[in-house]
Structure formats: C-alpha cells, structure tokens
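Protein chains in written order, with the UniProt record's numbering: chain B, 1 to 340; chain U, 1 to 340; chain R, 1 to 340; chain Y, 1 to 340.
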C-alpha cells in the first residue's frame, strides 16, 4: 500500500503517518517527490488492515492499494488454465464449447424440438430457464419444477448436459436435482448468500457478469464460490450498461483477454442478451471466439415470434446452423476445434 | 404501441403487419410519413402481449411502447403522496426525516454511543448493519443475530425505530423479529424472490437504487413489493456507476424530482455511500434536501479510523451535528420542518 | 511514481527495473510486499518522463502516478479562491451569480424582451447564442454576427455584461468585439487550439465540462487556458452521459465540492442543459447552490413553444422569477448573498 | 412523430393538441389506449418542425420521433456499400485494409523505419501524427509541418498513401498539401466547423467516434461532411467511456454491424487506442475483423519504450507481423482477402 500525502503536508504530518504505520506493525518507507511525499508500506502479509486509520490522518491525500483483492481466482495463485468438466463437456481446454437452447422452457414439445435442433447443429450443452428473473413483476416467470423436469427429459433424449439458472438459496436443492450446471444470472452476481450456497453445492457454476460490474467485481464474485472449495466456475461476459442506447447492452469483448490474463478460469460469451437483437448474434458470436472466448451461450427458438420471453433475440434453428458454421470457421482460424 | 416500418417497406408488408395486429385482437392505425410508415395499435387493455410476433415480421424496423410498464407505484395510479409510517416516524409528509447510525454494528458499546449521539443531534431513526454484503469474501460480514440484538437494545435506550439490511429470504424472519424497517441494498434491488418476501412480510421497506438501475428499473423493483400488497416503500437514491472515477459513485440528484413526478412513494438520499468520502456528505446532504428529498440516511461513527467497514465515509458525531444544522437551514428554505 | 511488479517477478527482474530507474537519473526504492514488490521512484522534479521504458520491461505489472497532471489550476499551487471579474460581475466571491437569457438569439425583439425580464428578476449577466453547435447539420445554427450585435444592444439596454459561445479560432476575433465573456461549450472542451486561443485572448472564459469528461479532464482543459497566462476561468458542470435515459444527462453535483477542493477556480452549474426539461430546472438550481456552486447559467424564453432551439428546457419569465426566489432562499441558508 | 398524452389528459386537452397539429399544417391521428391516448402526426415531409409547441401543451407527456435525424449517411437513402478510394487503397469493398504506423512522427529515421516495417508486413496505408491533441498542455504536441514533410517522404519511399490528423480549420490547408486522407480525432468528432471544412476540402476523411458519442451521434457527425458534398467518409470505432476501469476505453464492437446496417459507409476499428495496452491489440484486431469491420488502424513503434506518445499501446514490428498473420486467418474465415 502507498500513502500519498498532500502537497502542503509538513514533516510533522509525514512523521505522524510513519509512526501510525509502525504502530500498526508495518514498516513505512517515505519517498519525497517533486510536489509531495508518498509513503510505501511493507511488512504486511495480506491487504493492509484498518487502512482507514491512515486515510483520515491530517495531510493524507490518498491511499493506493497494490495487492489485488482476489486470490484464489487469480493466475498468480494458479498459473495453468483451469478445466471445468460437466459430464462429457469441458470448458477451458482447446475446444470451443457451445451452449444453446430456449430462453425459457415453455412446453415439453418446444424444449425437445429446440434441444434436438441445437444438438444436431453441434451444440454440446442445453440451456433453458425454469426460474426467470424479470424486470417486471407482471412478466412470465418460468414453469418452476415442471420446467426442470422437461429439461431433464431433454437431457435423456439428446445426451446433452443441462444448465439452468438458480435464483435463490431456497430453490437451489430442487434445481440441483435436475441440473448439471448452475447459472448465476447477471442480476444475482453480487447475491453473496447465493454465491456461497452454489459454492458449497459442489456443482459447476456459470457466473454471468453483472451489467454494472467491473472485471474486478466479477473476479471477486467468483472468489466467493472458490472460497467455498468449488473451483468449477466458468465466467460469462454478457454486456454492460453504457450511455449508448443503440443496443440493449454494450458487449465488452476486451474483458475476454483481460480475464484470461488475470485469472485461470474459463470465459464464455453470451451474444444473445448483450444486444437483445437476433441479427447481432452472428457477428458477435464470431467476434467473441476471435477475441479468445472458450465458448458461447446462445438463445434459440423455433418460433421466436411466439416465445414467452426474449423472442426478439432468439435465433431460429436455421440461423443457428449458419452461426455454427461461421463460428467453426473462426475457431479453425484460431487453431481451436469445436467441442463435439 | 407504435410499429415503425422500414423506409423501403412496401404496401404488402404494411398490410401484413396490420393483418397480424387484427389477428391479435387489436386495431391497427397506419400513418404514412415522409420517409416511412408507422402503425399505431389501439384496443389493448394493458401492454400489448406477444409483441415479438410483430417485431420479427418483414419490414418492421422498431416497436415503441407507450404504456409505462409499472402501475401500482405510479402517480397516475395514485395521485396523492404516500406516507410511510414506522412507529413515530413518517416518510413522505412535510417533515424531513434523518436516519443515522453506524455502517455496521460492531459492539454494544459502539452502537449505543453512536445511537445516543445521533439521537441528540436530531436523527429520528437508527441505522446499523448486522448482515453486510461485501464485494470481497474476505471482508467483515457483520455480527448477524448478535448485531440485531444490539440494535434492539439501542432502540430501547433511545426510543428510535431501527432499520437494518436484509440480505436473503432465509434470514428475513430473524431480521423481522428485531427490526422496524427493512432495507434492501443496492446489490439486491433486482433480487426478486427477496423483493416478494419483504412485500409479503408487511414491514416497511427502504429500497435502495441499484448502481446500474435506471429510474424505471427502480420503480419496477418497487412494483414487486407493492404487488404483494405492501405499499410501505421508501425509495433511496445512493449513486450510480459512471465513467467518472473522481468519486466512488455519481449521486444522481435529478432522480429525486423525477421520481416524485412519476411516483407517489417517498424518496430519500444516501450521501455517504454515493461518494465514499466523509467530506462530500455535508454538501450532498444539503443538495439532496434542496432537490426535494424527503430525508437522508447517513453513516456516523465516533471513531471512524477504527471502523470495521466504510470508515472513510462516516461522519464523526461533531460533523453530524454540523450537518444537521446545515440541513435544517436548507429545510427551512424549502419550508419544511425537520422531523422530531 | 510507483512501479508495481508482477507476483512472479524474480530478483533479477526487480534489479533490472531499479537499474533502468537509475539510468533515467532517478532513485529507486524497492519495497517487497506479501505477494509482490513495488518500487518507488524519487528524484524527479515533475512527472517521470519516458515512463514507458519501465512499463514495457519484463515483470512490470503496472505504473501508478502520484503527481497530479495539472498544476496552475490546482489549489496546491494557489490556495486562495480565485475571483473572476467581468465588468461589475464577480464569480468566486461570497455572492451567488446568475447568468440567464435565451438559448439562441433569434430576433432583436426576442432578445431584448428576455434580457429585460431576467434583469428585472435579478440576473446580472446575459447569455445568448449567436453561433450554435448542433448535433444535426440541418438544425438552426444561429444568426452569427447579427446575433452578436443584438447581444451588444441588449447590454446597452440593460447594463448586463454579455456571455456567448465561441466555436472556433476563426470567429474568435469577431466574438471578442462584442462579448464580455467567452463560453467554451461542452463539445469543445477538448478543442485544444481553441482553448489556447481563448487563453491568449485575455477574455474571461466560462469552460463547460464535456459530457464524457472526468473532473480531472476538465481541470486539464482549464490548465490549457491558464497556461497561456489567462487565469480568468469559471468552470461549469452541465451533466454527463450515463446509462440512465430518464433525463438527457445526469447532473453530477458531487463535482462541485470536488472541484472546489482540487482547484481555486469558481464553479457554476447549468441546470437547463443537464436535464433538457424545464420542470427539472428549479429543483436542480436549488440543489446546485446547496452543493456550494458559485452561480448558475439558465435558459429563459418568453415564448418557448416557438423557440428555435431547446424550447423544452427554457423557463418562461414567471418561472424564472420563482426560481430566483427559491434560489435566494437557499443562498440565504448558505449564508451567501445574491449578486446584484 | 407521436405525441403521448398523460394518463389524466381529458378530451379537451387531446382536442387542443389535435387543433395545434392542424394549425401546423399536419394531420393528427388520435389513438386511445388502455391508460392514455397517443396522437400520431402525418403530412410532414421531414422532421416535424417546432415540435416544442406541442411538448409544452397541457396534458402532453412525451414526443416520440419516428423519422431518423440523418439522411445522406443512411442505408435507406443509399442502399449499396460506398467505396472510399485513397490512391490505390479502397475501403468498404471485399478486401480488409490495414493502416499502420507510429502514433506520432518523431524523427525522419523513426518514421521511415516503421513505414518500411509495416509495409513489409502487409499494411497498405501509413498513419502518423504531426499535430497531436493531448489531454495535458505539457505533453508533446507533434512536429507540425516538419512531421508532415517526413510523412510525405515516407510515402515516396514506400508507395503507401498517408493519413494524418487535422485539428483545426487553420492548419487544414497545410495538412492537405501533404496528406492523402484526413483523420478527425475522437475529441473533434463534434467540432462542426472542422467537419464542414474537411467536407469542403474534398479529401477522404477518417472520422473517429467520440468516446461519449452514440452510434447516432457518429452518423450525424458524418452527415455534416456528406452534406458538404463529400461522401468519402470512413467511420472508425475506437472505444467508449464506461464505468469499467480495467482498460482505458471499452471497445464497442457491436457498433460495427449496427453501423453497417444503418449506413452505407465503410467502418474500421482502432484496437490500439481502445485499450491503451499493446497486449490487447491482437485479440481485439481479430475480433474486429470477425465482427465485420472493413479494416484496422494500428499503432506500431520499433522502440516503444522510448516513444514520445502512447508507447504502452504500440506494437513492435514483430508483434505487428504476428497480428497481420492472425488477422489474415480471420479474414479468410470471413471469406475476405487482405488488401495488398
């Protein structure tokens, strides 16, 4: 940690801060500069505790932390890439993995139809919501356990493992009965009791970035899960809120190589929710793989005009086939195989 | 709802959209413009359902919704100001109400000391966290039930009702045993199971705006609570995330008169979390009241340098006294009394 | 400056960086920490030059600057408040100064009517645009020199000094012939040739914050003007772009006390452009003064429904009178007189 | 245009608005809805003028514009792709075009060295700044005309056309003497006198998106140039400002397909300025081409540690060669040739 003093701080104030640092059990290193003095701190084994004691002392302008606040998720802690295995599916290895399916499980027939279609086109995991967080209380909120049962049936029928969103600690045991991987949605990225509970569940987790979360916030949220002994976490970039209203969210693909550099966890991208428009899904799916993402999660619906949720961003199966062909070409250019 | 057609959409495409609108049971009103045609829809009793059917038709450029998505919270539904009563304290009436207390309950002595200090300075409700959502899993997360007991004791000692944050459905019954008002924190503003549960609890709720939530999102979150039959909701502006890194968040005081115009619910402001700096609390507290806020929620600590949480934004009691004097002067200028 | 090394950087890499710092003529101070080493630099008289030499060395994670990049505008350089005088009007002293007038000079009659109205209500400076930057090339762009002449006539008629926007170096001499104070608009805040030219002109300058500018960016833009020997600069907060689309911009009132702390220059607020709605002007005008602003710049139009520009945010004279009364009450609460 | 009435607006208010619309020479179409009435307007040949007359009438809640504010740049006005030719280089055709060179022209030797290196690696146009807009007045601002002369010499030596930034109307004639294409920087995207002047110059223009500009703002800025009779405009996405401080800017690749859909103009991407880090340039260059960009503009320096400007984001020639190889593989996957 570095304590930056104000320009007008005199020797007495500087010495008082040094004395306080010593009283905290650390070693101060005053460094006079052209306009102000900075004081380095050494001797700490982790983040400097009670730093507020320093922040509020006379003459102190700013504290600058050097130690990053997360640990288990960082590449400094664990240098190699972590592989997350979900049945036969692997995230974080050489292969590009595609998760696809409807936004919401609406009916048995709808889900099976879409599951077969995406399986045939090359997806290796099925997505589908049984519990849906919706901005409006009057929107459709999912079929609940009935939806989970349909997903399990689709798994039997297609052999694909199933991922679905879990919204609270109360329904977590029920979701675990049916799902192979648990999704934490963007609105719950900082729901800490839920993060802890999915950590303890031992199930693989897909953690979506909150739409106002920095990359650091996302890594700290993942740290909650790893801190419970569960390292099977896949991160997901899905768009952030910005001033630009052209699209629903701004897909932050620069986060993909940054996360790869800061962390050992796999990263995938959700091009459907980022834009909210089906015609943006293909270019953004290609760009995500070119940026280095380990996979995609994509919404598909055979009759999107009648979808109960997010129909405007769902691909019809034919477009999904086209997307898979284009993504495969980009994966080849990246010297990565498609998972199969 | 208005369907905007593309500039090149021909008569056949326009007629097809009109036919679909009729098939949905509504009435289309085509309006040719200089570059494109727009089609108005009437005959709907609520938001147009299955609008995606229209959005994906050939030649359709955009759908524009006219009906606002919230209802119970809107001033159109309920014209007069709602008063929220918590014991002797009223939000939304002429008086300006100040909630104050420590960020976190640390010890019995700390909480009682601060409670007496803020009471004496004119606060009428006590705040204090027993369960703390923290960005890092390694930070202090609160005393839990022990903290709630201390808050209850502080209520006995000072006569002030107590507000504290509830973080999940599981601990809600325990929090309700001790608290007079429930706080939903910014990170949980879109935790819908929790919103529903506090709605059903019947307790008064302080709903803090998420730091990436629009005013509309905040009103929709409140709609979840009101939809459970609980209209005792106070809204709280506490800063949003923007590109500017000068302060921790950007306090959006323009939201205060906007919410007052759109909704009948009381609005207060949290100047402590918005900036993360104690020296910003006084000017922003004054500005909030001048903008029309019904009150404030402020962090106070008698020894902030040693606070376990957010010490850098806590006022010492003397500064809080100064704040109360300044706020009282602004309230007088607004022709509002201070609650007592 | 502080050089933060990567966690895995070994002694050889650390020594190489220290050697490079010595070769640059500075003194390195290595400080080993729990996870990584940081190296402080002293001996520099200004910002460390060629810091990129260090940034690209093996094992270097990050450079952290301690010295702030602006100088002449900083309170550390000049502790007392700067007073900016424009004829009889003073910015930055105890009095609250109100600039008012039409968005655009449309006709002689319109400008004189509004000038007399705002003068009578207590404004002490007249605003009005003769050259208007407009997002669309098809919008009205102002009367040019004819507009300047009308402004000068309004000055004669009312005794108020006149402020108007200057858009480029080419028209600066013409604007200087008529105006008493030059306005740099938000879109030109980083138009450096223009900043330099108004600096050299010696005229007092009102510098509006760009809607994507941080407080630091604004201070650096002002530094361009001061660096030409012109310290008569008034800063103006007018709203920034954020994800929230409730209003046109988000007024960042927290910037007011921050600027007062970092700089000696006066600060005023533009509540008209921030929101784009006349019904937001009153509450935001009050809040700005309560936050500590030295004044306001407000748009007034006697017939806003027919205004050629920004009619939706202009106050009618009666509302402006009401605003002045309310602002005066807040100023009294702040123990500041209104300028007269 | 659609006029949305307030929920409580009665028949008299609705009729008054209809009467006003008729008085303006247009035709009103009232459409009663479940909670409020909306009134469509037809009969206008362009954007409805003096809409403020309606906005300020009693009972009016909101005006919604249907007609897009730009025209010449829109695909509705001109359906086919525009090709912009600069000497032998074409933007907007099948080939992917790479512009490369130093951030700033520092010396003759530096520029020639880099020019030869990027030429050999496959770049077809040379970039280099002679006039540099810098946030700080104390930073290096370029060599001016001497820099332009060096660029012209590099053109002779390599055969590549030259692009350089023009900062103001005053130096435009000098820049035109030496340059083949004019760059408008992000900070000048809304410098309207400059946009008009480069429009009149007849030179091809590279218009960089302002870091707080929406896609619509960018298209309107281009409209200024086209409106002067100059359609040789290439648009450039270079990152926007968001709350995330992980990187300097957030590259908005979703803008690429959106611009392609809304406009006929070519679009390229600047991966160097977006992130401010050289190690982000390769992944973002690949992603940009995969998203459908027509080319890239990239900073290269043979000795970036000693670069006078932006060294931390410049690629060394070897990394640029690697980038070209990777980009070529992505271009192949997109079935596009690299320009040569």
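Ideal Cβ positions, reconstructed from N, Cα and C, are used throughout, including at glycine.
If we ignore side chains and look at the alpha-carbon of each, how far apart do residue i and residue j end up?
| i | j | result |
| --- | --- | --- |
| residue 244(R) | residue 244(Y) | 16 Å |
| residue 31(R) | residue 104(B) | 54 Å |
| residue 140(U) | residue 4(B) | 26 Å |
| residue 63(Y) | residue 40(Y) | 10 Å |
| residue 21(R) | residue 216(R) | 28 Å |
| residue 122(Y) | residue 303(B) | 46 Å |
| residue 98(B) | residue 278(B) | 17 Å |
| residue 319(U) | residue 115(U) | 15 Å |
| residue 342(U) | residue 239(Y) | Outside the displayed range of chain U (1 to 340) lies residue 342(U), so it cannot be described from this structure. |
| residue 159(B) | residue 273(U) | 49 Å |
| residue 78(R) | residue 264(R) | 7 Å |
| residue 48(U) | residue 58(U) | 19 Å |
| residue 126(Y) | residue 111(Y) | 10 Å |
When DSSP builds the beta bridges, which residues end up paired with residue i?
| i | result |
| --- | --- |
| residue 59(R) | Paired residue(s): none; residue 59(R) is not in a bridge. |
| residue 263(Y) | 74(Y) |
| residue 183(R) | 165(R), 206(R) |
Tell me the DSSP secondary structure of residue i in three-state form.
| i | result |
| --- | --- |
| residue 126(B) | strand |
| residue 216(U) | helix |
| residue 208(Y) | strand |
| residue 29(R) | strand |
| residue 67(U) | coil |
| residue 91(R) | strand |
| residue 332(Y) | helix |
| residue 158(B) | helix |
| residue 110(Y) | helix |
| residue 147(R) | helix |
| residue 246(B) | coil |
Under 7 Å Cβ-Cβ, which residues of chain B neighbour residue i?
| i | result |
| --- | --- |
| residue 330(Y) | 290, 330, 333 |
| residue 224(U) | 137 |
| residue 212(Y) | 243 |
Please compile the residues from chain Y whose C-beta is within a distance smaller than 8 Å of the C-beta of residue i.
| i | result |
| --- | --- |
| residue 113(B) | By Cβ distance, chain Y contributes nothing, its closest Cβ being about 29 Å from residue 113(B), past 8 Å. |
| residue 170(R) | 169, 170, 193 |
Would you mind telling me which residues of chain B sit closer than 8 Å to residue i, beta carbon to beta carbon, in chain order?
| i | result |
| --- | --- |
| residue 6(U) | In chain order: nothing, as chain B lies at least about 13 Å away. |
Mind listing the chain U neighbours of residue i? Cutoff is C-beta to C-beta under 8 Å, in chain order.
| i | result |
| --- | --- |
| residue 353(Y) | Outside the shown range of chain Y (1 to 340) lies residue 353(Y), about which nothing can therefore be said. |
| residue 29(Y) | 29, 31, 40 |
| residue 265(B) | By Cβ distance, chain U contributes nothing, its closest Cβ being about 15 Å from residue 265(B), past 8 Å. |
Which residues in chain Y have a C-beta closer than 7 Å to the C-beta of residue i? List them in chain order.
| i | result |
| --- | --- |
| residue 341(R) | Residue 341(R) lies beyond the residue range present for chain R, which begins at 1 and ends at 340; the question has no answer from this structure. |
| residue 110(R) | Those within 7 Å of residue 110(R) in chain Y number zero; the least Cβ separation is about 14 Å. |
Which chain R residues sit within Cβ distance under 7 Å of residue i?
| i | result |
| --- | --- |
| residue 159(B) | None at all; the shortest Cβ gap to chain R is about 41 Å. |
| residue 220(Y) | 135, 136 |
Give the interface partners of residue i over in chain U, defined as CB-CB distance under 9 Å, in chain order.
| i | result |
| --- | --- |
| residue 46(Y) | 34, 35 |
| residue 256(R) | 283, 287 |
Quick one: list the residues of chain U neighbouring residue i, beta-carbon separation under 7 Å, in chain order.
| i | result |
| --- | --- |
| residue 215(R) | 244, 246 |
| residue 124(B) | Near residue 124(B) there are no residues of chain U at all, since even the closest Cβ is about 28 Å away, more than 7 Å. |
Requested in this report: Mind checking the region 273 to 289 of chain U against chain R and listing, in chain order, the residues whose C-beta falls within less than 8 Å of any C-beta there?
Outcome: 274, 275, 279, 280, 283, 284, 286, 287, 288, 289
Query raised in the report: What residues from the region 234 to 252 of chain B come within 9 Å of chain Y, judged by C-beta to C-beta, listed N to C?
Result: 239, 240, 241, 242, 243, 244, 245, 246, 247, 249, 250, 251, 252
Query raised in the report: Taking a cut of 7 Å between CB atoms, which residues from the region 306 to 322 of chain R lie near chain Y?
Result: 306, 307, 311, 312
Query - Selection of the region 190 to 205 of chain Y by Cβ proximity to chain R, strictly under 7 Å - result: 190, 191, 192, 193
Query raised in the report: Which of the residues in the region 31 to 44 of chain U, read from start to end, lie with their CB under 8 Å from any CB of chain Y?
Result: 31, 32, 33, 34, 35, 36, 38, 40, 41, 42, 44
**Report entry** Near-chain R residues of the region 70 to 92 of chain B - C-beta to any C-beta below 7 Å
**Finding:** 76
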